[in-house]
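To start, the structure itself, in structure tokens.
In my numbering, the protein residues as written are 7 to 562.
So, in structure tokens, the structure goes:
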């Protein structure tokens with residue numbers, strides 16, 4: 007039998023048969039070229055850095071190693087940590103879509119101390135997301151004004167915006183999970199959490215009524231999903247093939263970006279027309295959301311560097327990237343936390359304990375009506391140490407990434423590590439987040455979800471719960487805290503700037519759900535949790551897992 011099956015005429019009309027031969031021929035040629043590309047890539051660039059799982063004596067050793075790592079990513083991470091990380095050695099972890107130099111945990115201080123013109127976190131983001139092709143306006147990554155706004159405005163205004171976040175969370179959960187105390191509603195948990203988080207986040211990003219617009223949300227969520235898929239496809243391709251493949255791989259990206267921009271453009275232009283009057287005569291009713299912060303920033307930014315920040319398409323592109331960076335990451339963590347709590351060996355006790363903390367921390371400052379509406383302020387959320395612990399523990403157990411603190415070598419001359427390894431421009435660097443988070447010498451019974459692990463450690467102090475923990479300050483055990491042993495949000499000056507907002511959203515999500523609903527995992531025995539899966543280097547929650555929810559008649 008040849009490359010084209012003899013019975014192809016059964017599947018294709020006769021006039022398409024010659025075309026099919028061309029397609030098969032071209033596909034075969036591309037396959038051979040790509041295989042050759044993978045076999046050669048990075049084989050000799052760092053000859054002194056060992057590949058995890060590699061057997062150099064076999065045919066196509068590097069290519070086979072990439073396949074093995076892709077299909078056994080968690081095993082590869084464990085092997086890398088055991089054989090190299092714990093021995094203070096660097097190693098190379100490679101899959102079909104690229105490779106990363108894994109530095110040992112002992113190198114984290116060196117890694118996070120390097121200047122941005124040598125090692126770039128932004129460069130790592132651009133490489134991983136292939137922003138040159140996958141983003142509608144890739145110039146928004148230089149500079150990342152929207153990230154600056156997150157640091158300067160979103161975090162600073164957490165106290166003032168939390169009531170709106172709380173209000174939208176309550177409304178979104180009621181719509182998604184139902185309000186009928188007499189019947190169960192079954193939902194696909196990941197989709198339900200993503201829709202809830204998307205609405206709540208966009209209450210802060212663009213305000214009412216857009217945050218509840220179904221088309222707006224559909225395109226914002228769709229674009230985020232497109233980025234993850236198209237970036238993976240693009241990383242698989244040789245550089246010379248990218249200009250050809252990107253038009254196909256990013257078609258859906260552009261479609262969702264255009265639709266999103268069409269919806270938001272009117273609001274942007276309306277605000278820009280009235281912006282000058284607001285500046286000259288402050289309006290008490292002026293919008294206080296992320297879009298407005300971007301517009302305010304654009305008034306004073308005319309340094310000739312970067313794109314025109316008053317361009318509606320640039321503003322929309324920044325909001326799309328902000329949605330991508332916040333909604334799905336928060337959705338992953340929220341989905342995992344709910345499943346971990348429901349599947350805990352003592353889930354009934356865990357849920358009741360969390361419910362009581364939620365009721366004990368209801369905002370007393372908003373008046374007696376808060377007891378009926380169950381509102382939580384920023385100050386009351388900060389008192390929720392048990393929710394905080396459960397979130398940190400779930401994020402540790404089900405880390406959504408296998409490696410952390412990603413950097414990209416941008417210095418033309420490369421960089422030499424503290425251990426004397428020279429890394430050329432274009433190398434990706436990271437360290438062992440998965441290994442650290444599952445190390446029995448750091449976290450006792452590390453493979454078991456203990457909802458209140460960190461709350462107990464904060465209360466008792468180091469040495470009383472686990473003499474192996476070295477956290478001298480209980481504050482370092484908060485969900486948002488980073489350290490050289492906890493890298494869920496990165497570490498150092500480039501740690502995730504949106505983690506404070508994400509923490510507030512996730513606490514509100516869990517508090518509203520657990521107080522107002524009875525929840526059960528569908529099709530799982532008591533104590534069983536639908537497993538996550540690896541999509542390349544990303545640890546993804548079970549997207550098809552279903553839960554059933556029923557509104558509780560009483561919240562006390």
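Just so it is clear, CB atoms sit at the ideal spot from N, CA and C, and this is done for glycine as well.
Rounded C-beta distance between residue i and residue j? I'm assuming under 8 Å.
{"i": "residue 206", "j": "residue 252", "result": "At roughly 33 Å, the Cβ-Cβ gap does not stay under 8 Å, so residue 206 and residue 252 are not in contact."}
{"i": "residue 191", "j": "residue 555", "result": "5 Å"}
{"i": "residue 434", "j": "residue 130", "result": "6 Å"}
{"i": "residue 504", "j": "residue 331", "result": "7 Å"}
{"i": "residue 540", "j": "residue 80", "result": "6 Å"}
{"i": "residue 557", "j": "residue 314", "result": "About 49 Å; that fails the 8 Å criterion."}
{"i": "residue 412", "j": "residue 396", "result": "Wrong, their Cβ atoms sit about 27 Å apart, outside the cutoff."}
{"i": "residue 519", "j": "residue 179", "result": "6 Å"}
{"i": "residue 326", "j": "residue 297", "result": "About 12 Å; that fails the 8 Å criterion."}
{"i": "residue 336", "j": "residue 508", "result": "5 Å"}
{"i": "residue 424", "j": "residue 164", "result": "At roughly 37 Å, the Cβ-Cβ gap does not stay under 8 Å, so residue 424 and residue 164 are not in contact."}
{"i": "residue 360", "j": "residue 392", "result": "6 Å"}
{"i": "residue 400", "j": "residue 545", "result": "About 12 Å; that fails the 8 Å criterion."}
If you check the beta carbons only, do residue i and residue j fall under 8 Å apart?
{"i": "residue 303", "j": "residue 151", "result": "yes"}
{"i": "residue 104", "j": "residue 82", "result": "no"}
{"i": "residue 407", "j": "residue 543", "result": "yes"}
{"i": "residue 55", "j": "residue 96", "result": "yes"}
{"i": "residue 101", "j": "residue 72", "result": "yes"}
{"i": "residue 384", "j": "residue 161", "result": "no"}
{"i": "residue 295", "j": "residue 155", "result": "no"}
{"i": "residue 203", "j": "residue 340", "result": "yes"}
{"i": "residue 127", "j": "residue 443", "result": "no"}
{"i": "residue 275", "j": "residue 318", "result": "yes"}
{"i": "residue 460", "j": "residue 398", "result": "yes"}
{"i": "residue 117", "j": "residue 109", "result": "yes"}
{"i": "residue 139", "j": "residue 242", "result": "no"}
{"i": "residue 382", "j": "residue 369", "result": "yes"}
{"i": "residue 416", "j": "residue 133", "result": "no"}
{"i": "residue 146", "j": "residue 323", "result": "yes"}
{"i": "residue 301", "j": "residue 277", "result": "yes"}
{"i": "residue 111", "j": "residue 497", "result": "no"}
{"i": "residue 236", "j": "residue 256", "result": "yes"}
{"i": "residue 380", "j": "residue 521", "result": "yes"}
Applying the criterion that 16 or more other CB atoms from any shown protein chain within 10 Å of the CB defines a buried residue, is residue i buried or exposed?
{"i": "residue 418", "result": "exposed"}
{"i": "residue 279", "result": "exposed"}
{"i": "residue 57", "result": "buried"}
{"i": "residue 571", "result": "Past the boundaries of the shown model lies residue 571; the chain is included only from 7 to 562, so the question cannot be answered."}
{"i": "residue 201", "result": "buried"}
{"i": "residue 410", "result": "buried"}
{"i": "residue 262", "result": "buried"}
{"i": "residue 569", "result": "Outside the modelled stretch of the chain, which goes from 7 to 562, sits residue 569, for which no answer is possible."}
{"i": "residue 454", "result": "exposed"}
{"i": "residue 329", "result": "buried"}
{"i": "residue 354", "result": "exposed"}
{"i": "residue 456", "result": "buried"}
{"i": "residue 2", "result": "Lying before the first or after the last residue shown, residue 2 is absent from the chain, which here runs from 7 to 562."}
{"i": "residue 246", "result": "exposed"}
{"i": "residue 254", "result": "exposed"}
{"i": "residue 136", "result": "buried"}
{"i": "residue 229", "result": "buried"}
{"i": "residue 428", "result": "exposed"}
{"i": "residue 346", "result": "buried"}
{"i": "residue 352", "result": "exposed"}
{"i": "residue 559", "result": "exposed"}
{"i": "residue 529", "result": "exposed"}
{"i": "residue 422", "result": "exposed"}
What are the boundary residues of the alpha helix (DSSP H) that includes residue i?
{"i": "residue 253", "result": "248-255"}
{"i": "residue 212", "result": "Element bounds for residue 212: n/a, residue is neither H nor E."}
{"i": "residue 391", "result": "391-403"}
{"i": "residue 239", "result": "220-242"}
{"i": "residue 67", "result": "67-77"}
{"i": "residue 387", "result": "384-387"}
Please list the terminal residues of the continuous beta strand (DSSP E) segment that includes residue i.
{"i": "residue 541", "result": "539-541"}
{"i": "residue 556", "result": "552-557"}
{"i": "residue 191", "result": "191-194"}
{"i": "residue 100", "result": "97-101"}
{"i": "residue 525", "result": "523-527"}
{"i": "residue 545", "result": "544-546"}
Would you say residue i reaches chain C, if we count a Cβ-Cβ gap shorter than 8 Å as a contact?
{"i": "residue 444", "result": "Chain labels in this structure do not include chain C; a single protein chain is all it has."}
Note to self: If we require 4 or more residues per run, which alpha helix (DSSP H) segments fall completely within the segment 108-140?
What the structure shows: Segments of the alpha helix (DSSP H) lying fully in the segment 108-140: 114-119, 127-135 and 137-140.
| said: What ranges does the alpha helix (DSSP H) occupy inside the segment 284-359, keeping only unbroken runs of at least 4 residues that lie completely in it? | reply: The segment 284-359 contains these whole alpha helix (DSSP H) runs: 296-306 and 318-349.
What residue ranges within the segment 409-467 form continuous alpha helix (DSSP H) runs of no fewer than 4 residues, ordered along the chain? Listed in chain order, the complete alpha helix (DSSP H) runs (minimum 4 residues) inside the segment 409-467 are 439-443 and 459-466.
Whole beta strand (DSSP E) runs in the segment 146-210 with 3 or more residues, listed along the chain? Runs of the beta strand (DSSP E) inside the segment 146-210: 191-194.
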